[in-house]
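Going down the list, the sequences are from chains A and B.
If you use my numbering, the first sequence corresponds to residues 405 to 671, in order.
If you use my numbering, the second sequence corresponds to residues 19 to 346, in order.
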Amino acid sequence: MSFLRDLYGTFIRISIAIEIQYRASSAIWLMGMVIEPLIYLVVWSAAAEAQGGTVGGYGPRDFAAYYLVLAAVNQITSGWHMWEFQYRVQQGQFAFLLLRPVHPIHGDLAENVAHKLAMQVALLPALGLLALAFQPRAELHAWSLALFVPALVLAFAVRFVFEWALALACFWTTRIMAVNQAYFAVLFFLSGRVAPLALLPDWLRHLADALPFRLMVSFPVELVLGKVSRPDALEGLALQLVWLAAGSAFLALLWPRALRRFSSVGG
Amino acid sequence: MSAAPAISVEGLAKTYVVPVREAGMRAALRSLFRRESRRVTAVDAIQFAVEPGEIVGFLGPNGAGKTTTLKMLSGLLHPTSGGARVLGFVPWEREHAFLRQITLVMGQRNQLVWDIPVADSMERNRAIYRIDAPRFRRVLGELVELLELGPLLERPVRNLSLGERMKCELAVALLHEPQVLFLDEPTIGVDVTMQRRIREFVAAYNRRTGATVLLTSHYMADVEALCRRVIVIHHGRLLFDGLLSALVASFASHKTVSVELGGPAPDLSSYGEVVSRAGERAVLRVPKADTPKVTARLLADLPVVDLVVEDPPIEEVIERVFAGEPAP
């Protein structure tokens, strides 16, 4: 345990140093993550006003609350390892990761956590300013705020594990871009970024419920905004745990095969 | 009784499956339905052993299979057939206890983090290899002294010259005091002074720690300075395994005879192939067997001031080996 504590501590310290080094590009990256929900917020608010104040029970200030929380949740749960893996394999960097007596997922996880920690310095004030401008409205409950924390951590964990597993596809195809694009398109629709899932047609909502995407982003957002009943909240958390277990098992199964594939093809 | 070899390789082979397609639209369309591939044998059933503490030069032209072999021995590649043991481990099982005792340095790639000081990359490897603080300080101190890294540690990697980066690369790769070093062209692209420094460092490291070193290089100066023994592979096959001096002796068909005369050098082509002639000096290439006869004739016939008989440069010998010319 002390080994892992030291490993994560060191990795996070170094990653934060890199973040500071790359602060300009991090700021641009972050801007992208805030601008996207902002656009949807403006579009949906306009739609609500055109329809006499609400769409599907959401008024402009409800959309403001939804998209501001979503911007934070989406940033905190996001990952980029699917792009990173492609680079690693093409540049021959993966070999160095495999020479180390430690699973490469540790470094990636630490790096991700470090990036998130560093980014909050800018993200939270930015969202605060936007909150002043857009006047969000939400029903906050102590219990849902308390459950939001584990829901957010689990959302991150589910998303991280699935994206890391999917990134391993780069050992089987050199055209990983196509896989990534398909994944992000589905994630975009079914995680609640285009619209709150409650506004989607029934069949799409059922699809979202059957897949893990809602649990990666939308569920914690719904939870904190008081859109989820208490039993549904507990069910959501349980589902997150189930998907995390399934994703981890999938990853554990896939990793030795990916390694075997890598080591027979060469890097 | 001798200890077990640090590296032993038996019938090790690696075949890659490479997709092939002819140029042009028709071939592209055809490949939509039927993918064709070709098997390329990179390493073809090679066999050798390296004793603990040895520095062995692993030579061969580009594409000979050197890097593939090093990757198999460091656990990055699975062989197609055959076996190998490094420090008693099967490398491609990639046990952590094995990975902690080896290192692979690839001259053309680097593992240092580009935008942060070298010291941070050192710190990262400290955590990865579970090096405790006193040992970390001791090893780092030694490496800093041997490689003269002092002023480099605090600089971001991107501000280092290629040679400086290579020194840091070596230091980071050796921080965990590996017992087996796989060095794949560690001096590629750096200037001659830095090449010499790196060579001296590898020799000193080997003396100090008794580590086993398997080294590939296209610079014969590296090989001559570091390796008594060389293994030559070509097209994946083992061509030679033995002392460097034996390689030269068996593959050098000629000797170089340099003469300095009391006056302008006349036409010496009746003595041997004239490599150069300028003023009073001439250099001849003479078949090895004829050398005693030719030197005796030169001394008898001409006003010789100085005469030197040498083996041809090692590059020339290696070229002959790579060209597949049989030993005379």
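Backbone N, C-alpha and C define an ideal beta-carbon position, used for all residues, glycine too.
Q | CA nearest to the CA of I25 (chain B), picked from B:A60, B:F51, B:K32 and B:I64 | A | Looking at the Cα atoms, B:I64 is the closest of the given residues.
(Q) Using 8 Å for Cβ pairs, my map puts E203 (chain B) next to Q129 (chain B). What's the rounded Cβ distance? (A) Between E203 (chain B) and Q129 (chain B) a beta carbon distance of about 15 Å is seen, past the 8 Å cut, so the two are scored as non-contacting.
Q. Where does the unbroken beta strand (DSSP E) through H252 (chain B) begin, and where does it stop?
A. R247 to H252
Q.
So that I know if they touch, is there some Cβ in chain B lying closer than 7 Å to that of T578 (chain A)?
A. At a cut-off of 7 Å between beta carbons, T578 (chain A) makes no contact with chain B.
Q. What does a CB cutoff of less than 6 Å around P321 (chain B) pick up in its chain, not counting 5 residues either side in sequence?
A. L279 and G280
Q: Scan the stretch 592-604 of chain A for residues whose Cβ lies nearer than 7 Å to a Cβ of chain B and list them as they occur along the chain.
A: none
Q) V131 (chain B) versus chain A: which residues are under 8 Å apart at the beta carbon? A) I418 and I422
Q: Would you give the residue range spanned by the beta strand (DSSP E) that Q65 (chain B) belongs to?
A: Annotation: the continuous beta strand (DSSP E) that includes Q65 (chain B) extends over E54 to V68.
Q. Taking C-alpha atoms, which residue in B:R255, B:H236 and B:L232 lies nearest to R247 (chain B)?
A. B:L232
**Q.** One or two residues paired with K32 (chain B) in a DSSP bridge
**A.** K32 (chain B) is bridged to B:V61.
Q | Residues of the stretch 495-508 of chain A with Cβ closer than 7 Å to any Cβ of chain B, in chain order | A | G496, A499, F500, L502, L503, R504, P505 and V506
Q. Is any beta-carbon of chain B found at less than 7 Å from that of D410 (chain A)?
A. For D410 (chain A), the answer is yes, since a Cβ of chain B falls inside 7 Å of its Cβ.
Q.
How far does the beta strand (DSSP E) with I149 (chain B) in it extend, from its first residue to its last?
A. From DSSP, I149 (chain B) is part of no beta strand (DSSP E); its letter is neither H nor E.
**Q.** Bridge-paired residues (DSSP) for Y462 (chain A)
**A.** DSSP lists A:V459 as partners of Y462 (chain A).
Q.
Cutting at 8 Å between CB atoms, please list the residues of its own chain near L95 (chain B), excluding the five before and the five after it.
A. K32, T86, K89 and W110
Q: Figure out for me which residue from B:L262, B:M140 and B:R112 has the closest Cα to the Cα of A189 (chain B).
A: B:M140
Q) Alpha carbon to alpha carbon, what distance is there between W132 (chain B) and L170 (chain B)? A) Rounded to whole angstroms, L170 (chain B) and W132 (chain B) show a C-alpha spacing of 14 Å.
Q | S92 (chain B) burial status per 10 Å Cβ neighbour count (16 or more: buried) | A | buried
Q) Hey, would you say V198 (chain B) sits closer than 7 Å to I120 (chain B), going by beta carbons? A) yes
Q: On a CA-only basis, which of A:A662, A:P554 and A:V565 is nearest A653 (chain A)? Give me that one, please.
A: Nearest in C-alpha terms to A653 (chain A), of all of A:A662, A:P554 and A:V565, is A:V565.
Q: Check each residue of the stretch 423-456 of chain A: if its Cβ is closer than 8 Å to any Cβ of chain B, include it; give the result in chain order.
A: Q425 and Y426
**Q.** Anticipated Cβ contact below 8 Å, W568 (chain A) with L655 (chain A), distance rounded
**A.** 6 Å
Q.
Along the stretch 177-211 of chain B, where does the CB come closer than 8 Å to a CB of chain A? Name the residues.
A. Those would be none; no residue qualifies.
Q: Could you pull out every residue in the same chain whose Cβ sits closer than 7 Å to the Cβ of Q539 (chain A), ignoring the five residues on either side in sequence?
A: Within its own chain, the residues whose Cβ lies closer than 7 Å to the Cβ of Q539 (chain A), once the five positions on either side in sequence are excluded, are R465 and A468, listed in chain order.
(Q) Judging by CA-CA distance, which residue of B:V27, B:R338, B:R173 and B:E328 is the nearest neighbour of S99 (chain B)? (A) B:V27
Q | Counterpart residues of P135 (chain B) in DSSP-defined beta bridges | A | The partner list for P135 (chain B) (beta bridge, DSSP) reads B:P174.
**Q.** chain A within 7 Å of I134 (chain B), Cβ atoms only
**A.** Any Cβ of chain A closer than 7 Å to the Cβ of I134 (chain B) would place that residue at the interface, and such an atom is present.
Q) Whose Cβ in chain B lies nearer than 8 Å to the Cβ of F372 (chain A)? A) Because chain A in this structure spans residues 405 to 671, residue 372 (chain A) falls outside the shown range and cannot be described.
**Q.** DSSP-derived helix/strand/coil call for I25 (chain B)
**A.** strand
Q: Spell out whether any CB of chain B is found under 7 Å from the CB atom of S667 (chain A).
A: yes
Q.
By alpha-carbon positions, which one of B:R295, B:S294, B:E328 and B:A191 ends up nearest to P310 (chain B)?
A. B:E328
Q: Measure the alpha-carbon distance for I416 (chain A) versus E242 (chain B) and round it to whole angstroms.
A: 44 Å
(Q) Between L658 (chain A) and chain B, is the shortest Cβ-Cβ distance under 7 Å, so that the two count as touching? (A) no
Q) Applying a beta-carbon distance threshold of less than 9 Å, which residues of chain B neighbour F407 (chain A)? A) In chain order: A145 and R148.
(Q) Do L572 (chain A) and L648 (chain A) have their beta-carbon atoms positioned less than 7 Å apart in this structure? (A) For the 7 Å CB-CB criterion, L648 (chain A) and L572 (chain A) do not form a contact.
Q: Go ahead and pull the three-state DSSP assignment for V598 (chain A).
A: coil
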